[in-house]
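K.L.:
Have a look at this one before I ask anything.
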Amino acid sequence: MRTEAARNTRRKLLSEWRRHEVLDAVRRIFARLGYAAVNVEKIAKEAGMAKGTIYLYFKSKEEIIAAVIACE
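All residue numbers in the sequence shown are consecutive under numbering that gives the first Met the number 0, ending with 71.
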């Protein structure tokens with residue numbers, strides 16, 4: 000049986016991994032199409048996630064862009 004700490008660690012790692020997947024997807028879109036082409040729908044498709052899932056990790060496109068610029 001897992002402890003609560005182990006479950007929390009797993010959730011945190013999964014959350015961090017998904018955030019990085021989103022940021023990597025944005026970088027790929029930037030490289031191919033440029034800033035103007037970036038939208039949450041394209042980010043979700045590129046990351047292999049549902050559009051709503053993106054909003055679990057970021058509040059807006061602008062927040063995602065800021066995270067990419069900050070090199071998170």
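Virtual Cβ for every residue (Gly too), placed ideally from N, Cα, C.
1) What first and last residue would you give for the alpha helix (DSSP H) that runs through T52?
2) In whole angstroms, what separates the C-alpha of V39 from that of K50?
3) Taking the straight line between their C-alpha atoms, what separation do you get for A5 and L12?
4) State the Cα-Cα distance for the pair R27 and E3, rounded to the nearest angstrom.
5) Should I53 be labelled buried (16 or more other beta-carbon atoms within 10 Å of its own) or exposed?
P.N.:
By the coordinates alone:
1) Where T52 is concerned, the enclosing alpha helix (DSSP H) starts and stops at K50 to Y56.
2) The straight-line gap from Cα to Cα measures roughly 7 Å.
3) Using only the alpha carbons, I get a separation of about 11 Å.
4) Cα to Cα, the separation comes out at about 36 Å.
5) A buried status is given to I53, since no fewer than 16 other beta-carbon atoms sit within 10 Å of its beta-carbon.
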